[in-house]
Amino acid sequence: MSYITDKEYRKIVKDILRNNNFKKLYNIEHHGISRWEHLVKVSYYSYKISKKLNMDYKSITRGAILHDFYLDGDERSKSKKFFDTFTHPKRALQTSMENFELTDKEKNIIVSHMFPICFVLPKYKESIFVNLVDKVIGTKELIKEHYCKTKYRFEYLFVLTLIFVGK
Ligand SMILES: [Fe+2]
Ligand SMILES: [Fe+2]
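Residue 1449 is where the sequence shown starts when you use the numbering used here, and the numbers rise one by one after that.
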């Protein structure tokens, strides 16, 4: 069952998926996919696993879908993107608070998701849970993104070689 057909999941995040600022994430690149896709993926996997583990899956699902809710995109310079690695959890918290009512637990899930790279401690087991799910999914996405880029470069070189050999 995917997030599209999972009625309970959709009910938990309905207001977020309908929010116009959140919809802007469709067009922002993140780990080679859209930031919207990354957030829904982290949140849906978190929901499925934490529900089975009898955790507070509603807070986990909502915190997870907002953990990277900031609107800076491809227009950023390389150095700004690098700097954002350390600052984006606070911006995600700020954007989330501007758009939704959040519990303390949801706030901590968002702002501590980059621990230990950022020094905001996860205060709840739900925060540690989302932190780990994001790391696993984010690493997988980054590996795939770099594999695709490398594969594309090799294919490009191969075609260029064929053109020169053919001359
Ligand atoms: Fe993040
Ligand atoms: Fe993330």
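Even glycine gets a Cβ: it sits at the ideal position worked out from N, Cα and C. Since we're looking at a predicted model, the values are computed, not measured.
Rounded to whole angstroms, how far is the Cβ of residue i from the Cβ of residue j, which I believe are closer than 8 Å?
i, j, result
"Asp1520", "Asp1532", "6 Å"
"Ile1476", "Phe1470", "Not a contact, Cβ separation roughly 11 Å."
"Tyr1474", "Trp1484", "5 Å"
Following a CB-centred definition, is residue i positioned closer than 7 Å to any heavy atom of ligand 1?
i, result
"His1479", "no"
"Asp1516", "yes"
Nearest to residue i by CA position, among the options, is which residue?
i, options, result
"Val1490", "Gly1480, Ile1476, Ile1508 and Arg1466", "Ile1508"
"Ser1494", "Thr1598, Ile1557 and Arg1539", "Ile1557"
"Pro1537", "Leu1569, Ile1497, Lys1592 and Tyr1457", "Leu1569"
"Val1584", "Lys1472, His1486, Lys1462 and Lys1526", "His1486"
"Tyr1457", "Arg1601, Arg1483 and Ser1498", "Ser1498"
"Phe1563", "Asp1552, Arg1466, Lys1553 and Ser1575", "Ser1575"
"Thr1535", "Ser1544, Val1559 and Arg1524", "Val1559"
"Lys1555", "Ile1513, Val1613, Ile1591 and Thr1587", "Ile1513"
"Glu1593", "Ile1452, Val1461, Ile1481 and Lys1526", "Ile1481"
Is it the case that the CB of residue i approaches a heavy atom of ligand 2 more closely than 7 Å?
i, result
"Gly1586", "yes"
Can you tell me where the alpha helix (DSSP H) with residue i in it begins and where it stops?
i, result
"Asp1552", "Asp1552 to Val1559"
"Tyr1457", "Lys1455 to Arg1466"
What ranges does the alpha helix (DSSP H) occupy inside the region 1489-1549, keeping only unbroken runs of at least 4 residues that lie completely in it?
Counting only runs of 4 or more, we get 1505-1514 and 1526-1547.
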